[in-house]
Structures are given as C-alpha cells and as structure tokens.
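Engineer: Protein chains in written order, with the working numbering: chain A, 180 to 302; chain B, 180 to 302. In this text, a Cβ means the ideal position worked out from N, Cα and C, and glycines have one as well. Computed from a prediction, not measured in an experiment: that's the story for all the values here.
Protein chains: 2
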Amino acid sequence: MAATSKLVHPKVFSECSKQLLAINDALDILRGKWKIQIIGSLTFGKKRFTEMQREVRGITARMLSKELKELEINELVLRTVHNTTPVTVEYELTDYGKTLDKVIEGLRDWGVKHRKRIIKKQS
Amino acid sequence: MAATSKLVHPKVFSECSKQLLAINDALDILRGKWKIQIIGSLTFGKKRFTEMQREVRGITARMLSKELKELEINELVLRTVHNTTPVTVEYELTDYGKTLDKVIEGLRDWGVKHRKRIIKKQS
DNA sequence: TATATCGGTATACTTTAGGTAAGTAGTAAC
DNA sequence: GTTACTACTTACCTAAAGTATACCGATATA
C-alpha cells in the first residue's frame with residue numbers, strides 16, 4: 180500500500196507559501212554575516228566608520244564599507260559626511276531601518292539564550 | 180585640527196559588543212538562503228520531505244536534505260521515519276526549535292511590510 | 001513490463017561571500 | 001619630508017554556498 184499523501188488544505192498551503200515569500204524578501208536584504216550585526220550596532224545610536232570597525236568584531240574595512248553601501252541603497256541606513264579634517268562620516272538608522280527593531284531584538288534575545296544553552300551542555 | 184574622536188563610554192561599548200556577539204551566535208545557526216525558510220515552513224506543523232520541497236520555492240532535494248540535517252544536529256528539528264511503503268519521513272520543530280517563533284514572526288512581519296513598501300515605490 | 005513514488009545521494013559545476021593586502025586623497029602634526 | 005589620521009577603494013584569491021542532473025532501492029500501480 181502506498182503511503183497516503185496527506186494533502187495540505189489549499190488555503191493553509193497558500194498561506195504558508197505567502198509567508199515564506201515574505202521571509203525571503205526580508206532575508207534578501209539582511210542576508211550574510213554582517214548586515215544584521217551592523218544594524219544591531221546602529222540601534223545603539225549614530226556611529227562613525229572606525230567606531231563600527233572596532234565594535235563589530237572581525238569585520239574588515241572592505242566588508243563594512245560594502246555592507247553599509249547596500250544598507251544605504253535599501254534606505255535602512257543614512258550616511259552623513261561632516262566637514263571636519265580629516266573628514267568624519269556618521270552612519271545612523273533611518274526611520275525605516277528602525278522598523279527592524281523587533282527582528283534585531285528577537286535575534287539578540289534568542290542568541291543570548293542559545294549561548295547559555297551551549298555553555299550548559301559543554302559543562 | 181583633527182576631528183576629536185568621541186570615545187564611547189566603556190559600559191555602553193561592552194554592552195553593545197555583547198549583544199552583537201549574541202546576534203552572531205544566532206546567525207551562525209540560521210545563516211544561508213534556506214534555513215529560516217525551512218523553519219518558517221515547519222511553524223505550520225509537521226511536514227514530509229516532498230511536501231517541503233514543494234512549499235519552499237526553488238529549493239533542491241540536495242539543499243533541503245543538507246539543511247535539515249544541520250538543523251537536526253542543532254536540535255531545532257526532529258526527524259521521524261515511518262515504516263510505510265514507500266517510506267515517509269516527517270520533520271517537525273523541537274521545543275527548542277519553537278523558541279525561534281519570535282524571530283521567524285518578526286522577520287515575516289517585516290517582510291510583509293517591506294514588500295508593500297517596494298510595490299508602492301514602483302507604482 | 002514499464003512507470004511512478006518517497007526520500008534521499010553522488011557528482012560535477014557555477015556563483016557568491018568573504019578575507020588579505022595594498023593603495024588612495026586630503027590634511028595636519030612632528 | 002615623513003608620518004599619521006579618516007574613510008575608504010582596488011585587485012586578487014579562496015572557501016563556502018548553491019545549482020543541475022542523474023541515479024538509488026523498495027514497492028506499488030497501470
């Protein structure tokens with residue numbers, strides 16, 4: 180006897196697919212090792228380039244520059260150049276960037292719990 | 180005159196760094212094109228392999244298999260083989276996997292809003 | 001006998017992500 | 001005139017991620 184294939188109700192199926200599409204849209208913008216961390220660092224306020232380089236552990240100037248550019252294009256981050264010498268550049272979240280608060284917070288909270296769990300398992 | 184480097188208060192700095200570490204921990208497990216989508220699809224309940232292949236648009240058997248294995252190793256997903264013919268295999272979120280609810284939800288909600296925004300800008 | 005299903009695996013390949021290292025302009029301090 | 005600072009850019013390279021396609025055993029169906 181062949182396994183009966185429990186068909187998902189079309190309504191449920193399309194609902195799930197639609198939501199996966201949304202997740203995909205979000206990931207398209209946030210994917211990679213650095214973007215979410217960069218946004219995370221900017222939730223603490225305006226930052227200068229070198230400041231972020233120090234804060235986001237392990238990131239190189241190349242990656243920071245590249246990722247910030249993409250975030251700027253997607254209107255999540257605002258870049259402001261100040262006429263000091265040498266020039267200073269400030270990055271901050273746009274209002275739209277700030278709408279990612281819940282995502283960042285969720286990821287951060289889960290990460291904290293996850294780290295605790297891993298450490299507990301090792302001991 | 181050189182720009183004065185506004186030093187961040189050590190307490191604020193370490194707090195930010197600590198939180199970025201947590202975000203990094205979370206991302207280590209969830210990074211890539213598919214993992215979050217797979218978990219997202221499982222928030223709707225148990226799924227069989229082929230069912231997921233249909234649901235997660237564009238994923239190949241190879242990737243689905245690979246990603247599910249990694250999620251299983253990290254105890255986010257449980258795999259159950261049923262003795263039907265042909266065999267059926269069910270995947271579901273573990274209790275620990277379910278703790279990602281907030282993250283998935285946040286990403287999904289943001290994705291929905293983001294898609295609306297993009298469509299609006301195009302018109 | 002031929003074909004289909006389920007849950008994959010094997011192999012080969014292409015693409016993208018990310019790292020390394022060096023260099024840049026403009027200014028200013030030593 | 002050499003060095004230092006800020007905020008990058010460029011060229012190059014590797015490793016990881018992802019894709020395409022064919023195939024597997026067991027069984028059931030046409």
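So Arg-241 of chain A and Glu-251 of chain A are in contact, right, with Cβ under 8 angstroms, and what is the actual spacing, rounded?
Structural biologist: Along the first sequence, one-based indexing puts residue 241 of chain A at 62. Along the first sequence, one-based indexing puts residue 251 of chain A at 72. Their Cβ separation, rounded to whole angstroms, is 16 angstroms, which puts Arg-241 of chain A and Glu-251 of chain A out of contact at 8 angstroms.
Engineer: Where are the beta strand (DSSP E) runs, 3 residues long or more, that stay fully inside the region 226-291 of chain A, in chain order?
Structural biologist: You should have 256-261, 267-272.
Engineer: Judging by CA-CA distance, which residue of B:Ile-215, B:Arg-227, B:Asp-207, B:Arg-233 is the nearest neighbour of Asp-204 of chain A?
Structural biologist: Here residue 204 of chain A refers to the residue found at position 25 when the first sequence is read from its first residue. Residue B:Ile-215 is the option with its Cα nearest to Asp-204 of chain A.
Engineer: Please compile the residues from chain B whose C-beta is within a distance smaller than 7 angstroms of the C-beta of Ile-215 of chain A.
Structural biologist: Residue 215 of chain A sits at position 36 when you count from the first residue of the first sequence. The contacting residues are Ile-202, Leu-206.
Engineer: Quick check on Thr-264 of chain A: buried or exposed, where buried means 16 or more other Cβ atoms within 10 Å of its Cβ?
Structural biologist: Within the first sequence, the letter at position 85 stands for residue 264 of chain A. Exposed, because fewer than 16 other Cβ atoms sit within 10 Å of the Cβ of Thr-264 of chain A.
Engineer: Is Gly-290 of chain A close to chain B? Criterion is C-beta to C-beta, closer than 9 angstroms.
Structural biologist: As a first step, residue 290 of chain A is located in the first sequence; it is residue number 111 there, counting from the start. Yes, contact with chain B.
Engineer: Rounded to whole angstroms, what is the Cα-Cα separation between Val-187 of chain A and Ile-298 of chain B?
Structural biologist: Within the first sequence, numbered from 1, the residue matching residue 187 of chain A stands at position 8. Within the second sequence, numbered from 1, the residue matching residue 298 of chain B stands at position 119. Because the pLDDT of Val-187 of chain A is 46, which lies under 50, any placement of that residue in the model is unreliable, and the question is left without a value.
Engineer: Of all the CB atoms in chain B, is at least one closer than 9 angstroms to the CB of Glu-284 of chain A?
Structural biologist: The residue given as residue 284 of chain A occupies position 105 in the first sequence. Judged by the 9 angstroms Cβ criterion, Glu-284 of chain A is in contact with chain B.
Engineer: Taking 9 angstroms as the threshold (beta carbon to beta carbon), is Gly-276 of chain B in contact with chain A?
Structural biologist: Stepping through the second sequence from its first residue, residue 276 of chain B is reached at position 97. Chain A contact via Cβ: absent.
Engineer: Under a Cβ-count criterion, where at least 16 other Cβ atoms within 10 Å of its own Cβ denotes burial, should Glu-230 of chain B be classed as buried or exposed?
Structural biologist: In the second sequence, residue 230 of chain B corresponds to position 51, counting from 1. So Glu-230 of chain B counts as buried.
Engineer: Smallest Cα separation from Gly-219 of chain B: which of B:Asp-274, B:Val-282, B:Ile-202, B:Lys-248?
Structural biologist: The count along the second sequence starts at 1 and reaches residue 219 of chain B at position 40. Among B:Asp-274, B:Val-282, B:Ile-202, B:Lys-248, the Cα nearest to that of Gly-219 of chain B belongs to B:Val-282.
Engineer: Between which two residues does the alpha helix (DSSP H) carrying Ser-302 of chain B extend?
Structural biologist: By 1-based counting over the second sequence, the position of residue 302 of chain B is 123. Element bounds for Ser-302 of chain B: n/a, residue is neither H nor E.
Engineer: What is the C-beta distance between Val-235 of chain A and Leu-199 of chain B, in whole angstroms, given that I count them as a contact (C-beta under 8 angstroms)?
Structural biologist: For the purposes of this step, residue 235 of chain A is taken as residue 56 along the first sequence, with counting starting at 1. For the purposes of this step, residue 199 of chain B is taken as residue 20 along the second sequence, with counting starting at 1. Indeed, because the Cβ distance is near 6 angstroms, the residues count as touching under 8 angstroms.
Engineer: Give the C-beta separation of Gly-290 of chain B and Ile-202 of chain A to the nearest angstrom, bearing in mind that I take them to be a contact with Cβ-Cβ under 8 angstroms.
Structural biologist: As a working note, residue 290 of chain B is residue 111 in the second sequence. As a working note, residue 202 of chain A is residue 23 in the first sequence. Going by Cβ atoms, the distance from Gly-290 of chain B to Ile-202 of chain A rounds to 5 angstroms, so yes, they are a contact pair.
Engineer: Chain A partners of Arg-210 of chain B, CB-CB under 9 angstroms?
Structural biologist: Reading the second sequence from its first residue, position 31 is the one you call residue 210 of chain B. Per Cβ cutoff of 9 angstroms: Arg-210, Gly-211, Lys-212.
Engineer: Would you please verify whether the beta carbon of Lys-281 of chain B is less than 9 angstroms from any beta carbon of chain A?
Structural biologist: Position 102 of the second sequence, counting from 1, holds the residue named residue 281 of chain B. It does: the Cβ of Lys-281 of chain B has a partner Cβ on chain A nearer than 9 angstroms.
Engineer: By how many angstroms is the C-alpha of Leu-286 of chain A removed from the C-alpha of Leu-243 of chain A?
Structural biologist: Translated into positions along the first sequence, residue 243 of chain A becomes position 64. Translated into positions along the first sequence, residue 286 of chain A becomes position 107. Spanning the two alpha carbons is a distance of roughly 20 angstroms.
Engineer: Rounded to whole angstroms, what is the Cα-Cα separation between Glu-249 of chain A and Val-260 of chain B?
Structural biologist: As a first step, residue 249 of chain A is located in the first sequence; it is residue number 70 there, counting from the start. As a first step, residue 260 of chain B is located in the second sequence; it is residue number 81 there, counting from the start. So the two alpha carbons sit approximately 43 angstroms from each other.
Engineer: What does Phe-228 of chain A reach in chain B if we use C-beta pairs closer than 8 angstroms?
Structural biologist: Against the first sequence, residue 228 of chain A aligns to sequence position 49. Correct list: empty, because the minimum Cβ distance to chain B is about 11 angstroms.
Engineer: In whole angstroms, give me the CA-to-CA distance for Thr-278 of chain B and Lys-245 of chain B.
Structural biologist: Along the second sequence, one-based indexing puts residue 278 of chain B at 99. Along the second sequence, one-based indexing puts residue 245 of chain B at 66. In a straight line, the C-alpha of Thr-278 of chain B is about 22 angstroms away from that of Lys-245 of chain B.
Engineer: Go ahead and pull the three-state DSSP assignment for Gly-136 of chain B.
Structural biologist: The structure shown does not extend to residue 136 of chain B, since chain B is modelled only from 180 through 302, so no value can be given for it.
Engineer: Can you give the Cα-Cα distance for Leu-375 of chain B and Tyr-275 of chain A, rounded to whole angstroms?
Structural biologist: Since the first residue of chain B shown is 180 and the last is 302, residue 375 of chain B is not available in this structure.
Engineer: With a cut-off of 8 angstroms on the beta carbons, I'd call Gln-300 of chain A and Arg-210 of chain B a contact; round off their distance for me.
Structural biologist: The residue labelled residue 300 of chain A in the question sits at position 121 within the first sequence. The residue labelled residue 210 of chain B in the question sits at position 31 within the second sequence. Looking at the sequence itself, residue 300 of chain A is Lys, so the reference to Gln does not match. Actually they do not touch by this definition, with Cβ atoms about 21 angstroms apart.
Engineer: Output yes if chain B places a C-beta closer than 9 angstroms to the C-beta of Ser-220 of chain A; else output no.
Structural biologist: The residue given as residue 220 of chain A occupies position 41 in the first sequence. Yes, its Cβ sits closer than 9 angstroms to a Cβ of chain B.
Engineer: For Arg-294 of chain A and Asn-262 of chain A, what's the separation of their Cα atoms in angstroms?
Structural biologist: What you label residue 294 of chain A is simply residue 115 of the first sequence in a count that begins at 1. What you label residue 262 of chain A is simply residue 83 of the first sequence in a count that begins at 1. Approximately 43 angstroms between the Cα atoms of the pair.
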